[in-house]
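In the working numbering, the protein residues as written are 557 to 860.
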């Protein structure tokens, strides 16, 4: 019996069998300039990155959600995968000049400890570096995911204080009004709500500003990833601010009711988990609004 003999694959003229493809292999020799650039970036921005890390992780931080922003930005880029697939890197050397200037600004601001300049110069370093590597066409396609990174910048202290005090007043007044209209008489004094058997002080962590920042960040991401007209997605985004205030008012009311109807200890325990509850309520409302508007796809995938 004659055995079948496998014939060798044809080899193009001038090529040898060793040149045949054996699967994709990364060319690490081409990566070393980017590795060096990333190391230099870490050195130049180390002071700002340390300040951001402290702002994100300190007790009762308003920016715990900011650690998720780079991952969300990558998902926003993934939504544009079809547009990005056909692009080839086209380095823009004009961006290199801007990158050098903002690096100098970053170093000077770090030495002077000017937090707002440190933060924004770091954002411009990222933008100009991406522009330099990817080119103008890449920036055009990826502009919104790159702009989204600006939400990582912590607000300056005076702005943060003014914002939290304003929301404290709004949240306290709204909670007092809602309690009164649900049969729980109360007396409001500044940031304090007095019921018959429980007194609640709406402190800075209860102002709702943390909820506002988290919902605003998620809503920008959510509205961008949905299908639908610009008008519908803009409406979903616009609702984030009043939604954050409303769910925080509900949170304060629930804490007050637990304290009034159960005990002080129960109110304190409920307070520790109430932030998660309000975020879940906020996210559920956004998903429901998207469904109402007929935005049934998320990054091209059916969600409803």
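Where is the CB? At the ideal position from N, CA and C, for every residue including glycine.
Keep in mind it's a predicted model, so treat the numbers as computed, not measured.
*Closer than 8 Å by C-beta to residue 814: which residues in its own chain qualify, once you throw out the five before and the five after it? Chain order, please.*
Result list for residue 814: 822, 823, 826, in chain order.
*Contact check, residue 769 vs residue 618 under 8 Å by CB: the rounded distance?*
Yes, residue 769 and residue 618 are in contact; Cβ-Cβ is about 6 Å, under 8 Å.
*Opposing strand residues paired with residue 808 [DSSP bridges]*: Per DSSP, none; premise fails for residue 808.
*Taking Cβ to Cβ, would you say residue 782 is nearer than 7 Å to residue 843?*
No; because the gap between Cβ atoms is not below 7 Å, this pair is not in contact.
*Buried or exposed: where does residue 627 fall if 16 or more other Cβ atoms within 10 Å of its Cβ makes it buried?*
A residue is called buried when at least 16 other Cβ atoms come within 10 angstroms of its Cβ; residue 627 does not meet this threshold and is exposed.
*Count the other CB atoms within 10 Å of the CB of residue 709; is the residue buried (16 or more) or exposed (fewer)?*
Counting Cβ neighbours within 10 Å, residue 709 comes out buried, since at least 16 surround it.
*According to DSSP, what are the bridge partners of residue 857?*
Bridge partners of residue 857: 854.
_Looking only at its chain, what residues have a beta carbon closer than 7 Å to the beta carbon of residue 639, apart from the 5 residues adjacent to it on each side?_
The beta carbon of residue 639 sits closer than 7 Å to those of 697, all from its chain and outside the five residues before and after it, given in chain order.
*Could you tell me how far apart the beta carbons of residue 838 and residue 799 are, in whole angstroms, since I believe they sit closer than 8 Å?*
Taking the Cβ atoms as the reference, residue 838 lies roughly 6 Å from residue 799, within the contact range of under 8 Å.
_Residues near residue 702 in its chain [Cβ-Cβ closer than 8 Å; skip 5 each side]_ = Around residue 702: 629, 682, 683, 686, 695.
_Using DSSP's beta-bridge definition, name the partner residues of residue 743._
Bridge partners of residue 743: 750.
*Pairwise C-alpha distance: residue 677 and residue 657*: Whole-angstrom Cα-Cα distance: 9 Å.
*For the stretch 801-813 against the stretch 656-672, are there 3 or more C-beta pairs whose distance is under 8 Å?*
Counting C-beta pairs with one atom in each stretch, the stretch 801-813 and the stretch 656-672 have fewer than three that are closer than 8 Å, which means they do not touch.
_Could you give the first and the last residue of the continuous alpha helix (DSSP H) run that contains residue 738?_
Run containing residue 738: none; DSSP gives neither H nor E here.
_Touch test, the stretch 776-793 against the stretch 746-756, Cβ-Cβ under 8 Å, three pairs minimum_ = Because the criterion of three Cβ pairs below 8 Å is not met, the stretch 776-793 and the stretch 746-756 do not touch.
*When you compare each of 724, 847, 841 to residue 795 by their alpha carbons, which one comes out closest?*
Considering only alpha carbons, the answer is 841.
*Enumerated in chain order, which unbroken segments of the alpha helix (DSSP H) with a length of 4 residues or greater are wholly contained in the stretch 758-807?*
Qualifying alpha helix (DSSP H) stretches, in chain order: 765-781, 786-794.
*Terminal residues of the continuous alpha helix (DSSP H) containing residue 710?*
In this chain, residue 710 is not harboured by any alpha helix (DSSP H), its DSSP state being neither H nor E.
*asked:* Can you tell me whether residue 606 is buried or exposed? The criterion is at least 16 other CB atoms within 10 Å of its CB, across all chains shown.
replied: It is exposed - the Cβ of residue 606 has fewer than 16 other Cβ atoms within 10 Å.
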